[in-house]
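Enquirer:
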Amino acid sequence: MIQTKNLHKYYDQLHVLKGVDLHIKKGEIVSIVGASGAGKTTLLQILGTLDKPSQDNGLELRINNEDILSMNDKTLSKFRNLNLGFIFQFHQLLPEFTALENVCIPAFIANRPKQETEIEAKKLLDYLGLSHRINHKPNELSGGEQQRVAVARALINKPAIIFADEPSGNLDTASAENLHQLFFKLRDELGQTFVIVTHNEDLANMADRKLIMVDGQISN
Ligand SMILES: Nc1ncnc2c1ncn2[C@@H]1O[C@H](COP(=O)(O)OP(=O)(O)OP(=O)(O)O)[C@@H](O)[C@H]1O
Ligand SMILES: [Mg+2]
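Heads up, the sequence shown stops at 228 in the numbering used here, and the numbers go up one at a time, no gaps.
(1) So if DSSP puts D134 in a beta bridge, which residue, or which two residues, is it bridged to?
(2) Comparing the CB of D173 with every heavy atom of ligand 2, is any distance shorter than 7 Å?
(3) Would H140 and A107 qualify as a contact pair, given that the criterion is a beta-carbon distance under 8 Å?
(4) If you draw a straight line from the alpha carbon of Q225 to that of D64, how long is it in whole angstroms?
(5) Look at the alpha carbon of R217 and the alpha carbon of N80, and state the distance between them as a whole number of angstroms.
(6) Between N110, S150, N165, A160, which has its C-alpha nearest R120's C-alpha?
(7) Confirm, please, whether the CB-CB distance from K17 to I40 is below 8 Å.
(8) Answer yes or no: do F171 and I37 have a C-beta to C-beta separation smaller than 8 Å?
(9) Please determine whether the Cβ atom of T12 lies at a distance below 7 Å from any heavy atom of ligand 3.
(10) Is it the case that the Cβ atoms of L211 and I204 are separated by a distance below 8 Å?
(11) Return the first residue and the last residue of the alpha helix (DSSP H) that S8 is part of.
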């Protein structure tokens, strides 16, 4: 599902990713752990096609069997909208829209019908314990509630791959456990693939595979 070879990233002189080779299978839940500054977010952004790797000999980046590096921006945006979902710690909800509208937006971009989308969005929000807050805007929601809206937004198009960076970072223990269980439920029901950067040991160890990043490389 995701394949990389010799992935490097430089920010000017700073060599952040130092040759990452990865093979993640469909339906796999992979966690990435490692010290602050090791390059985890950088790797996730590149796997999620939000950033580009530095050119290097033998560089490969294939997602869902597509050669990401050969796509132009327009093709890539469409590919991203249809195949990839993102859950980040700084969730960037759109402030002028309600929780429900925020969740629906990726589906509207993909031209899905309004009614069906809203039913689905409500189901997701309900599962995440937010049915009483769906008509509120982000600034009327707590940090953890906003985080859960962002999770629902990431899932609305049933993307084949979900990238999560500290998905439960803002959540209390019970909400975090709920969210982690949702990941496994989705994988079992829909065969979705998850790549999760986390400092949460329970979540990291629940994954099918735990990758440890050390100084820009996968160490195991
Ligand atoms: N846009 C950027 N420009 C320059 N340097 C950057 C940029 N983004 C990240 N870095 C640097 O690259 C290194 C890796 O950053 P990254 O965000 O990938 O770390 P991380 O493993 O996610 O850490 P954390 O656990 O703290 O989130 C750090 O030294 C960081 O300062
Ligand atoms: Mg990070």
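Every residue gets a Cβ at the ideal spot worked out from N, C-alpha and C, and that includes glycine.
Note that the structure is predicted; figures quoted are calculated from it, not measured.
Expert: According to the structure data:
(1) Per DSSP, none; premise fails for D134.
(2) yes
(3) no
(4) 15 Å
(5) 32 Å
(6) N165
(7) no
(8) no
(9) Among the ligands modelled here, namely ligand 1 and ligand 2, ligand 3 does not occur.
(10) yes
(11) The structure shown has nothing for residue 8, since the chain only spans 9 to 228.
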